[in-house]
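Respectively, the protein sequence lines represent chains F and A.
In terms of the numbering used here, the numbers along the first sequence are unbroken and rise by one, the last being 229.
In terms of the numbering used here, the numbers along the second sequence are unbroken and rise by one, the last being 473.
Heads up, the beta-carbon is just placed ideally off N, CA and C, and yes, glycines get one too.
These numbers come from a predicted model, not from an experiment.
Take a look at the structure set out below.
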Amino acid sequence: MIAALAFYLFAAILIASAVMVVTARNPVHSVLFLILAFFNAAALFLIAGAEFLAMTLVIVYVGAVAVLFLFVVMMLDIDFARLREGFQRYAPVGAVIGGILFLELLLVVGSWSFADQAEDLRLAPITGDVTNAQALGRVIYTDYVYLFQTAGLILLVAMIGAIVLTHRQRPGTRRQNIAAQVNRSGSVLLEKVPSGAGIATLGIRRPPEPEAEKPKVTHEAGHGHGGHH
Amino acid sequence: MSWTLALPELVLACSGLVLLLAGVIPKQETFFPITMGAIGALLVTAVLVLGQGEGTALGGHYVADAFSGFMKILALGAAALGLLLSIDFNEKEGLGRFEFPVLVLFASLGAMVMISANDLMALYLGLELLSLPLYVIAAFNRDNARSSEAGLKYFVLGALASGLLLYGTTLVYGFAGTTNFDRLADAFSAAQGVSAGVIVGVVFVIAGLAFKVSAVPFHMWTPDVYEGAPTPVTAYFASAPKVAAIALLTRVLLGPFGDLAAQWQQVILLISFGSMILGSFAAIGQINLKRLMAYSSIGHVGYALMGLAVGSDTGLRGLLFYMAIYVFMNVGAFAVLVAMRRQGRAVEQVEDLAGLARTDLGMALWMAAFMFSMAGIPPLAGFFSKLYVFLAAVQGGFWTLAVVGVLTSVVSAYYYLRVVKVMFFDQPAGALDRAPASLTIVMAGTGLFTLLFGLFPAPLLAAAQAAAAALLG
């Protein structure tokens with residue numbers, strides 16, 4: 001009873017926020033509604049007993065994907081009003097196609113039947129009293145290692161692709177040369193410090209400051225350069 | 001677990017990783033050695049495929065049989081030839097970066113995963129592993145607007161097709177409770193009617209795969225992507241991915257969905273009709289050779305699918321045979337396209353070939369051989385491939401299919417022969433640059449295959465027969 005009530009509550013919020021994602025005028029609001037939709041979907045997963053999926057959804061989609069969306073929406077100068085220009089004109093066509101798809105879905109779900117052996121054919125059903133994460137952990141590196149590794153290769157290819165398509169080597173860019181940094185002489189000093197001696201008694205040793213800089217700084221401060229930008 | 005059965009895939013994956021590492025570390029550009037290494041890895045893998053055993057492995061997700069061996073060798077050969085075409089072109093166009101061969105290598109690995117898939121999940125992952133590198137190499141000339149457009153267009157439409165495929169997969173899984181092909185076959189063979197939902201699922205899976213082979217009505221992206229992508233990339237697009245997707249379509253339809261043949265046969269028939277007709281008529285008005293080849297490839301997929309629509313033993317043999325010959329003559333024709341340069345600049349219009357016979361007779365003769373072969377003129381290889389699918393259609397009683405096939409190949413002969421006419425009888429439009437040695441080798445190799453195939457068709461025919469028998473059991 002409570003589970004059913006919770007299901008309808010979360011499902012209703014999910015659909016409402018999904019509609020708001022599409023219709024909200026402000027793209028930032030769209031992304032925020034998307035996050036709300038993700039949270040509700042995660043709650044539905046929890047009700048269905050898939051707690052691992054629920055947590056992954058929150059961590060991956062809310063934590064990473066939605067934040068990236070927000071970044072993109074805020075950083076790119078996209079004119080959303082112009083993107084929506086044809087909305088009124090194409091809305092009837094979209095509604096008709098959507099309506100047909102919806103009817104088809106009703107037809108599909110309405111006349112749904114399971115295969116006779118579906119119960120026996122089930123892939124990797126959870127046996128005994130284990131959590132989702134445990135059950136996944138038992139099969140993902142054993143029975144499903146082929147698929148797991150292939151998925152890993154796909155991610156590798158995506159990474160190579162992103163680098164190939166966007167990385168440019170500009171002339172004149174400065175790179176950190178760690179070896180040279182570490183090797184420069186006179187900047188690092190090792191010293192034996194007697195135990196119990198405070199900084200006050202030892203005095204702090206610094207590398208000698210370049211002489212020329214000091215008067216320059218005071219000179220510029222006098223002009224009042226700071227805080228202008 | 002008998003993971004050793006998947007040795008070819010493992011070797012290819014590891015060599016891809018090693019090549020990636022070897023390409024990154026040196027300071028200077030390593031395009032040429034990495035390309036050579038990738039071609040070597042592809043050939044080694046092909047040899048391993050030849051010596052591969054049979055059976056299923058890796059939790060039932062992977063299957064190896066004569067069919068997978070046949071298709072894998074084709075896909076690997078096409079990838080190696082595609083890389084060979086890219087060496088000179090990429091260096092001249094400033095695309096000589098080592099990621100290119102590595103991406104092609106991973107795409108070939110995806111093709112192998114697809115061909116060996118024995119599970120709907122393995123099917124999907126293989127498809128993505130094949131597609132993702134293709135999106136990237138389509139946009140490889142990233143400073144060129146057309147190339148970027150090609151990559152983006154392919155990516156967006158490919159993602160849509162993947163979505164359709166996944167949706168279909170969920171419906172099938174919802175019905176049967178499993179994604180394994182053998183168990184799906186069990187579930188469908190039970191004497192009970194399947195609901196409309198499953199049929200919708202199967203049709204969605206077909207639609208997703210038909211997108212990859214660019215069959216009508218999922219062909220819209222093909223001309224734009226083929227035109228925009230760098231020419232060697234187009235050569236690769238038109239060969240290896242099609243082989244893999246056709247193989248997958250065949251395995252899925254004849255394996256797990258074999259008992260639903262009455263349901264999917266009409267879909268494949270429709271796709272085959274549409275592709276043949278569009279491929280022959282839409283190419284007539286093309287002046288860009290790459291667009292012309294795009295429509296030509298749509299037509300060829302239509303002919304090949306004819307064999308699948310028939311669904312018989314001979315039909316399947318015709319399909320495999322068709323794909324094998326198509327790959328070679330297609331790569332050959334693209335070798336000519338890649339070699340087309342005037343004063344160092346790549347040209348790709350039909351008019352640019354004008355009078356080629358007077359300036360470079362060798363290239364003109366090879367191109368003529370490929371064009372005659374694609375038109376299906378005896379005694380070239382393309383004639384035999386068409387002959388065997390038409391024969392299967394007639395034997396299976398699909399007369400309309402055979403008649404439409406013959407008529408459309410007559411129509412398509414027009415634009416193939418137009419290329420020959422432009423090369424031999426038009427006023428020269430200025431000499432093309434000399435083709436580099438690598439391209440001449442590819443042209444000569446595939447050209448000799450096309451010309452002399454009629455003398456020795458037996459080995460390939462026997463291999464196709466064995467592969468077909470392995471699938472139909």
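Please determine if the stretch 67–78 of chain A and the stretch 321–332 of chain A are in contact, where contact requires at least 3 C-beta pairs separated by less than 8 Å.
Judged by Cβ distances under 8 Å, the stretch 67–78 of chain A makes contact with the stretch 321–332 of chain A, as three or more pairs qualify.
From the DSSP output, read off the bridge partner residues of Val63 (chain A).
To locate residue 63 (chain A), count along the second sequence from 1; it is residue 63. Val63 (chain A) is bridged to A:Thr56.
With three or more beta-carbon pairs closer than 8 Å as the criterion, would you say the stretch 159–174 of chain A touches the stretch 205–214 of chain A?
yes
DSSP three-state call for Arg175 (chain F): helix, strand or coil?
Locating residue 175 (chain F) in the first sequence gives position 175, counting from the first residue. In the structure shown, Arg175 (chain F) sits in coil (DSSP, three-state: anything other than H, G, I, E or B).
Distance cutoff 8 Å, beta carbons only. Does Phe69 (chain F) sit that close to anything in chain A?
As a position in the first sequence, residue 69 (chain F) is number 69, starting the count at 1. Using a Cβ-Cβ cut-off of 8 Å, Phe69 (chain F) does not count as an interface residue toward chain A, since no Cβ of chain A sits closer than that to its own.
For the stretch 129–144 of chain A, which residues have a beta carbon sitting closer than 9 Å to at least one beta carbon of chain F?
Leu129, Leu132, Pro133, Tyr135, Val136, Ile137, Ala139, Phe140 and Arg142
For Trp3 (chain A), collect the residues of the same chain with a Cβ closer than 7 Å to its Cβ; drop the 5 residues on either side in sequence, then sort them by chain order.
Here residue 3 (chain A) is taken as the residue at index 3 of the second sequence, counted from 1. Around Trp3 (chain A): Ala57 and Leu58.
So is Trp366 (chain A) buried or exposed if we call it buried at 16+ other beta carbons inside 10 Å?
Counting from one through the second sequence, the residue named residue 366 (chain A) turns up at place 366. It is buried - the Cβ of Trp366 (chain A) has at least 16 other Cβ atoms within 10 Å.
Rounded to the nearest angstrom, what separates Met323 (chain A) and Ala304 (chain A) at their Cα positions?
Sequence index remark: in the second sequence, residue 323 (chain A) carries index 323 (1-based). Sequence index remark: in the second sequence, residue 304 (chain A) carries index 304 (1-based). Going by the C-alpha atoms only, they are around 7 Å apart.
Identified DSSP bridge partners for Arg342 (chain A)
Translated into the one-based positions of the second sequence, residue 342 (chain A) becomes position 342. DSSP output for Arg342 (chain A) lists A:Arg345 as bridge partner(s).
So, is Val164 (chain F) buried or exposed, given that buried needs 16 or more other C-beta atoms within 10 angstroms?
Reading the first sequence from its first residue, position 164 is the one you call residue 164 (chain F). So Val164 (chain F) ends up on the buried side.
What do you reckon, are the CB atoms on Asp119 (chain A) and Phe181 (chain A) nearer than 8 Å?
Numbered from 1 along the second sequence, position 119 holds the residue referred to as residue 119 (chain A). Numbered from 1 along the second sequence, position 181 holds the residue referred to as residue 181 (chain A). In this structure, Phe181 (chain A) lies closer than 8 Å to Asp119 (chain A) by Cβ.
Is Asn144 (chain A) helix, strand or coil when you go by DSSP?
Walking along the second sequence from the start, residue 144 (chain A) turns up at place 144. The answer is coil: DSSP assigns Asn144 (chain A) none of H, G, I, E or B.
Going residue by residue through the stretch 76–151 of chain A, where are the continuous alpha helix (DSSP H) segments of at least 4 residues, counting only ones entirely within it?
99–115 and 120–138
For Asn141 (chain A) and Glu93 (chain A), which I take to be in contact (beta-carbon distance under 8 Å), what is that distance rounded to the nearest angstrom?
In the second sequence, residue 141 (chain A) corresponds to position 141, counting from 1. In the second sequence, residue 93 (chain A) corresponds to position 93, counting from 1. Correct: roughly 7 Å between the Cβ atoms.
Do Ile277 (chain A) and Thr400 (chain A) have their C-beta atoms within less than 8 Å of each other?
Position 277 of the second sequence, counted from the start, is the residue given in the question as residue 277 (chain A). Position 400 of the second sequence, counted from the start, is the residue given in the question as residue 400 (chain A). Against a cut-off of 8 Å, the Cβ pair of Thr400 (chain A) and Ile277 (chain A) comes out as no contact.
Segments assigned alpha helix (DSSP H), at least 4 residues, entirely inside the stretch 390–472 of chain A:
If we require 4 residues or more, the alpha helix (DSSP H) runs fully inside the stretch 390–472 of chain A come out as 399–425, 437–452 and 458–472.
Which residues of chain F have a Cβ atom closer than 9 Å to the Cβ of Phe175 (chain A), listed in chain order?
In the second sequence, counting from the first residue as 1, residue 175 (chain A) sits at position 175. Simply Trp112, Ser113, Phe114, Ala115 and Ala118.
Use the C-beta contact count for Glu213 (chain F): other C-beta atoms within 10 angstroms, 16 or more gives buried, fewer gives exposed.
Position 213 of the first sequence, counted from the first residue, corresponds to residue 213 (chain F). Caution is warranted here: a pLDDT of 49 is assigned to Glu213 (chain F), below 50, making its placement in the model unreliable, and no coordinate value can be reported.
Terminal residues of the alpha helix (DSSP H) in which Tyr90 (chain F) lies
Along the first sequence, read from residue 1 onward, the residue named residue 90 (chain F) stands at position 90. Unbroken alpha helix (DSSP H) run through Tyr90 (chain F): Phe87 to Gly110.
Do you know how far the Cα of Thr450 (chain A) is from the Cα of Ala54 (chain F)?
By 1-based counting over the first sequence, the position of residue 54 (chain F) is 54. By 1-based counting over the second sequence, the position of residue 450 (chain A) is 450. Roughly 57 Å between the two C-alpha positions.
Given this structure, state the Cα-to-Cα distance separating Gly311 (chain A) from Gln286 (chain A), to the nearest angstrom.
Locating residue 311 (chain A) in the second sequence gives position 311, where the first residue counts as 1. Locating residue 286 (chain A) in the second sequence gives position 286, where the first residue counts as 1. About 34 Å.
Return no unless some Cβ of chain A is closer than 8 Å to the Cβ of Ala18 (chain F).
As a first step, residue 18 (chain F) is located in the first sequence; it is residue number 18 there, counting from the start. So no, Ala18 (chain F) is outside the interface.
Using the Cα positions of Gly161 (chain F) and Tyr8 (chain F), report the straight-line distance between them to the nearest angstrom.
As a position in the first sequence, residue 161 (chain F) is number 161, starting the count at 1. As a position in the first sequence, residue 8 (chain F) is number 8, starting the count at 1. Using only the alpha carbons, I get a separation of about 42 Å.
is_contact[Ala89 (chain A), chain F] using C-beta, thresh 8 Å
Residue numbering aside, residue 89 (chain A) sits at position 89 when the second sequence is read from its first letter. In the sequence on display, residue 89 (chain A) carries Phe and not Ala. The C-beta of Phe89 (chain A) comes no closer than 8 Å to any C-beta of chain F.
Should Met112 (chain A) go down as buried or exposed, given a rule of 16 or more other Cβ atoms within 10 Å for buried?
Residue mapping note: residue 112 (chain A) aligns to position 112 of the second sequence, counting from 1. Under this definition Met112 (chain A) is a buried residue.
Bridge partner(s) assigned by DSSP for Asn288 (chain A)
Taking the first residue of the second sequence as 1, we reach residue 288 (chain A) at position 288. For Asn288 (chain A), which the question treats as bridged, DSSP gives the partners A:Gln349.
Tell me whether the beta-carbon of Leu34 (chain F) lies closer than 8 Å to the beta-carbon of Ala11 (chain F).
Translated into the one-based positions of the first sequence, residue 34 (chain F) becomes position 34. Translated into the one-based positions of the first sequence, residue 11 (chain F) becomes position 11. No, the pair does not count as a contact, with Cβ atoms beyond the cut-off.
Determine whether the Cβ of Val157 (chain F) lies closer than 8 Å to any Cβ atom of chain A.
Along the first sequence, one-based indexing puts residue 157 (chain F) at 157. Chain A contact via Cβ: present.
List the whole-angstrom C-beta distance separating Ala467 (chain A) from Leu320 (chain A), where the pair is believed to meet the contact cut-off of C-beta under 8 Å.
What you label residue 467 (chain A) is simply residue 467 of the second sequence in a count that begins at 1. What you label residue 320 (chain A) is simply residue 320 of the second sequence in a count that begins at 1. Contact holds; Cβ gap of about 5 Å.
So, is Glu227 (chain A) buried or exposed, given that buried needs 16 or more other C-beta atoms within 10 angstroms?
On the second sequence, position 227 is the one that residue 227 (chain A) refers to. Glu227 (chain A) comes out buried.
Determine the chain F residues that contact Leu58 (chain A) at a beta-carbon separation under 8 Å, and present them in chain order.
In the second sequence, counting from the first residue as 1, residue 58 (chain A) sits at position 58. At a C-beta separation below 8 Å, Leu58 (chain A) has these neighbours in chain F: Val145 and Tyr146.
For chain F, check one thing: does any of its Cβ atoms lie closer than 8 Å to the Cβ of Tyr62 (chain A)?
As a first step, residue 62 (chain A) is located in the second sequence; it is residue number 62 there, counting from the start. True, the Cβ-Cβ gap to chain F drops below 8 Å.
Inter-residue spacing [alpha-carbon to alpha-carbon] between Val233 (chain A) and Pro379 (chain A)
Mapped onto the second sequence, residue 233 (chain A) falls at position 233. Mapped onto the second sequence, residue 379 (chain A) falls at position 379. About 30 Å.
Use the C-beta contact count for Tyr61 (chain F): other C-beta atoms within 10 angstroms, 16 or more gives buried, fewer gives exposed.
Here residue 61 (chain F) refers to the residue found at position 61 when the first sequence is read from its first residue. With 16 or more Cβ atoms within 10 Å of its Cβ, Tyr61 (chain F) is classed as buried.
Contacts that Ala187 (chain A) makes with chain F (C-beta to C-beta distance below 9 Å)
The residue you call residue 187 (chain A) lines up with position 187 of the second sequence. Result: Ala115, Asp116, Gln117, Ala118 and Leu121.
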